[in-house]
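Chemist: Just so we're aligned, residue 1 is where the sequence shown starts under the UniProt record's numbering, counting upward by one. Glycine residues also receive a C-beta, built at the ideal position from the N, C-alpha and C atoms. Structure incoming, see below.
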Amino acid sequence: MNDLAAWHKTNDDYLSAAISWLRLRLMHLTKAHEDDDAETLEGARSAMQQLASTDPPPALLILSQRLGLARFETDVLLLCAAMEFDTRIAALCAKAQNDATRPYPTFALALALFDEPVWEALSPERPLRFWQLIEINQPAAQTLTVSALRADERVVSYIKGLNYLDDRLKTLIIPMTDAIDILPPSQLQQAEKLLQSIQASPSEWPMVNLVGVDSASKRAIANYVTRSIGLVCYRLSAELLPTAWAELETFVRLYQRESYLLPLALYLEIPDTDKVLPVIIRLLARLNGLLLLDTREPHSSTERGMVPLDVTKPTSAEQAAIWRQMLGNNASSTAAVLAGQFNLNVADIRHVTYTLLNTTLPAKTEAPAIQEDAWQACLLAARPRLDALAQRLEVKARRWEDLVLPDAEINTVQQIINQVDQRHHVYEQWGFGRRMTRGLGISALFSGESGTGKTLAAEVIAHRLKLDLYRIDLSQVVSKYIGETEKNLRRLFDAAEDGGTILFFDEADALFGKRSEVKDSHDRYANIEINYLLQRMEAFRGLAILASNMKSALDTAFMRRLRFIVNFPFPGLAERKRIWERIFPEEADKEMLDYDRLSRFNLTGGSIQNIAINAAFLAASTGCVITMPLIFEAIRGEFRKLEKPINEAEFRFIQAVEIQA
């Protein structure tokens, strides 16, 4: 018989002896005190005490000691619980109270039945009611002392030796079964350090603050630490907490009771919002036991000792090792490429790998095919979070030929592609990453008026690198509320870190205008927002592109912190001709077009594309091919949209030339 089975037998024997003693006490009340009854009672009490001396003691005594019950209160709880264990107790209660309508325990009965009565035992501040160990059924106009007492169902189960979480808490807190069971060396070191801090703390459990954006890694560390201490970790989202004080107090009481009855720790997920802050403050002030807070930023609490831990994702080398372990040693080159581009934790890598193993990998053995599938799976894993924060641009098969820019600017765009592509090689294998003081981010400014090809260039880069491109309108990110802009940017960069995503910040002028002299709090917070974005761009593992229509309006100090600046000039005559020559797909039905004539109109590449599409629709609606007159009509429409003057003489001249031809 193992230790647990032996304890259960001892606990059952103790309950049997305790209920026998209780029956004798009840029967003793119903007749004259006789010496033989006293001897029998003493014998039953001795049997109880002998079984109570075991180690560990019976459940009733454990509960009594942990929750601070006096001897009289323990006997009252036994009386209430015995109603569930022995059907004879109800009749004995009625007989002892000389009232057939009261086949249940009452406080008046307990006062007459047990020694050392505690009159304040039913006070709301005493353990029986404070910990909700018993329930009082008190109808109107009935005194408290003669009202029915009933043991709480969870408490009855505990006394019987069945120790499970209270059903009323299961809708809020759940066992943390989804935590990964392996930790890379860097996180294992963090977990061991945290474990030492907890074990070295005074008798009161400390409060642990796990800080960072990687919740999966934080849960893994929490699970490792709590298991090492012998606790079961339960998760609770702060957003599920009741906001009404009475309901919150009920939850706190129940959880506090469970923390004494079960070896548990609470992992509290605190959202990045102030909506539930008052509830959290009240909760933290009341809870005991080991409490682990999951927050993005450090949480300030003065209620009790706080042990902070900044949790980061596995290092690039550790991620590569995990990829090799999951994909197999023959995928060593693939592992290095994936670890260099994507920043995933153990859970993400495991999820991506399991998805591949159940779909495409079994049918493929070539390394390039495996790498391509794994690459796409990593992109897909990061999309759900980003899709809720920014607009994903569908990157089509953009060609270099589609990008019409001066040679110097084309070379700069190629440098951007090369640096993103070779980042792992230079930073990790050649060790340059250890010498970078500001961060490893690659940032670029695309400057030029609307329609000159800034978005197109970003799409070309994304297509060549096989990465997702997300467009962020900074005018929508900037908030009038203090601190909200930083929160919006933090969510965005945190989500983009995982997928090696390219972030394309449009309308950068909304935030990156020249910083003015600080005259009030608004100016001060505006500069804080700019500095925050610059810091995140420098630390961002991906590529961040800022697009601006007014380079002259940007702060020069800001531009010095960018790695690349690409100017998108208004296209000249030769550039416009090249754009016109490439704007129509090969499948489009068109007549011989005079590109020299068309290039004389001062238009950007974006406007030329609009004109080509509008002319194509005009041709399709009339059942003819795309002609010069239809293109002229589309040009007039574009001029009107841009509120540019239309020189009809120029159109007539061009049309006359066409007629003569």
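1. Could you tell me whether the Cβ atoms of Gly451 and Leu405 are closer together than 8 Å?
2. Taking 7 Å as the cut-off, does the CB of Met537 come closer than this to any heavy atom belonging to the ligand SAH?
3. With burial defined as no fewer than 16 other Cβ atoms inside 10 Å of the residue's Cβ, what is the status of Leu533: buried or exposed?
4. May I ask which residues mark the beginning and end of the beta strand (DSSP E) holding Met207?
5. Could you pull the start and end residues of the beta strand (DSSP E) that Phe505 belongs to?
6. If contacts are defined as beta-carbon pairs under 8 Å, then Ile349 and Gln319 qualify, I think. What distance do you get, rounded to the angstrom?
7. Output the boundary residues of the beta strand (DSSP E) element that contains Arg102.
8. Is it true that the stretch 260-271 meets the stretch 283-292, where meeting means three or more beta-carbon pairs spaced less than 8 Å apart?
9. For Tyr164, is the classification buried or exposed, using 16 other Cβ atoms within 10 angstroms of its Cβ as the cut-off for buried?
10. In this structure, how does DSSP classify Leu546 when only helix, strand and coil are distinguished?
11. Among the candidates Val279, Thr501, Ala388 and Val566, whose CA atom is the shortest distance from the CA of Leu344?
12. So, at 6 Å on beta carbons, what are the nonlocal neighbours of Asn411 in its own chain, with the 5 sequence-adjacent residues on each side left out?
13. Would Thr171 count as contacting chain C if we go by Cβ distances under 8 Å?
14. Taking contact to mean at least 3 C-beta pairs separated by less than 8 Å, is the stretch 104-117 in contact with the stretch 63-77?
15. Less than 8 Å between the C-beta atoms of Leu309 and Leu236, yes or no?
16. Tyr354: buried (16+ other C-beta within 10 angstroms of its C-beta) or exposed?
17. Check whether the Cβ atoms of Arg578 and Asp402 sit closer than 8 Å, and answer yes or no.
18. Verify whether the separation of the beta carbon atoms of Glu507 and Arg438 is less than 8 Å.
19. What's the gap between the Cα of Pro206 and the Cα of Leu292?
20. One question on the structure: do Ala462 and Val395 come within less than 8 Å of each other, judged by their Cβ atoms?
21. Along the chain, where does the alpha helix (DSSP H) containing Arg597 start, and where does it finish?
22. How should His425 be labelled, buried or exposed, when 16 other C-beta atoms within 10 angstroms of its C-beta is the threshold for buried?
23. Using DSSP's beta-bridge definition, name the partner residues of Cys233.
24. Kindly list the residues whose CB is nearer than 6 Å to the CB of Leu492, restricted to its own chain and excluding five residues on each side of it in sequence; keep chain order.
25. By Cβ distance, which residues of its chain are closer than 6 Å to Gln391, with the 5 residues on each side in sequence left out?
26. Taking Thr295 as part of the beta strand (DSSP E), name the residues at either end of that continuous run.
27. Starting from the Cα of Ala44, find the closest Cα among Pro57, Leu24, Leu573 and Arg399 and give me that residue.
28. Using 10 angstroms around the beta-carbon of Trp430, count the other beta-carbons present and answer buried if the total reaches 16, otherwise exposed.
29. I'd like to know whether the C-beta atoms of residue 662 and Val279 end up nearer to each other than 8 Å.
30. Relative to the C-alpha of Ile180, which residue among Val346, Gly161, Arg154 and Val208 is closest?
31. Check Ile472 in the structure and name its three-state DSSP category.
32. Is it right to say Ala553 is buried, meaning 16 or more other beta carbons lie within 10 angstroms of its own, or is it exposed?
33. For Asp387, name the three-state secondary structure that DSSP assigns.
34. In whole angstroms, what separates the C-alpha of Ile19 from that of Pro103?
35. Which runs of the beta strand (DSSP E) spanning at least 3 residues fall entirely within the stretch 552-593, listed in chain order?
36. Whose C-beta lies closer than 7 Å to the C-beta of Leu195 among residues of the same chain, with five residues either side of it excluded?
Modeler: Answer, in terms of the structure:
1. It is not a contact, given that the beta carbons lie outside the stated cut-off.
2. Questions concerning the ligand SAH fall outside what the structure shown contains, since it holds no ligand whatsoever.
3. With 16 or more other Cβ atoms within 10 Å, it is buried.
4. DSSP places Met207 inside the beta strand (DSSP E), whose first and last residues are Met207 to Val211.
5. Element bounds for Phe505: Ile502 to Asp506.
6. Between Gln319 and Ile349 the Cβ distance is about 7 Å, and since that is below 8 Å, they are a contact.
7. No beta strand (DSSP E) contains Arg102, which DSSP labels as neither H nor E.
8. The stretch 260-271 vs the stretch 283-292: in contact.
9. The residue is exposed, with fewer than 16 neighbouring Cβ atoms inside 10 Å.
10. Strand, per DSSP.
11. Nearest to Leu344 by C-alpha distance, out of Val279, Thr501, Ala388 and Val566, is Thr501.
12. For Asn411, same chain residues with a beta-carbon under 6 Å away, outside a window of 5 residues either side, do not exist.
13. Of the protein chains in the structure, only one exists, and it is not chain C.
14. Output reads yes: the stretch 63-77 touches the stretch 104-117.
15. Pairing Leu309 with Leu236 gives a Cβ-Cβ distance that is not under 8 Å.
16. Counting C-beta atoms within 10 angstroms of its own C-beta, Tyr354 has fewer than 16 neighbours from the protein chains shown and is therefore classed as exposed.
17. No, they are not a contact pair.
18. Arg438 sits away from Glu507, with the two beta carbons spaced by 8 Å or more.
19. Spanning the alpha carbons of Pro206 and Leu292 requires a straight line of approximately 9 Å.
20. Contact flag set, yes.
21. Counting along the chain, the alpha helix (DSSP H) containing Arg597 begins and ends at Tyr595 to Leu598.
22. Burial check for His425: the Cβ neighbour count within 10 Å stays below 16, so the residue is exposed.
23. Bridge partners of Cys233: Ala265.
24. Cβ within range, chain order: Leu389.
25. Contacts found: Arg471.
26. Counting along the chain, the beta strand (DSSP E) containing Thr295 begins and ends at Leu291 to Thr295.
27. With distances taken between Cα atoms, Ala44 lies closest to Leu24.
28. Around the beta carbon of Trp430, a 10 Å sphere encloses fewer than 16 other beta carbons of the protein chains shown; the residue is thus reported as exposed.
29. Absent from the model: residue 662. The displayed extent of the chain is 1 to 661, so no value can be given.
30. Each of Val346, Gly161, Arg154 and Val208 was checked against the Cα of Ile180, and the nearest Cα belongs to Val346.
31. It is a strand residue.
32. Exposed, since its Cβ has fewer than 16 Cβ neighbours within 10 Å.
33. Note: Asp387 maps to helix in three-state DSSP.
34. Roughly 16 Å separates the two Cα atoms.
35. The DSSP assignment places complete beta strand (DSSP E) segments of no fewer than 3 residues inside the stretch 552-593 at 564-567, in order along the chain.
36. Around Leu195: Val225 and Ser228.
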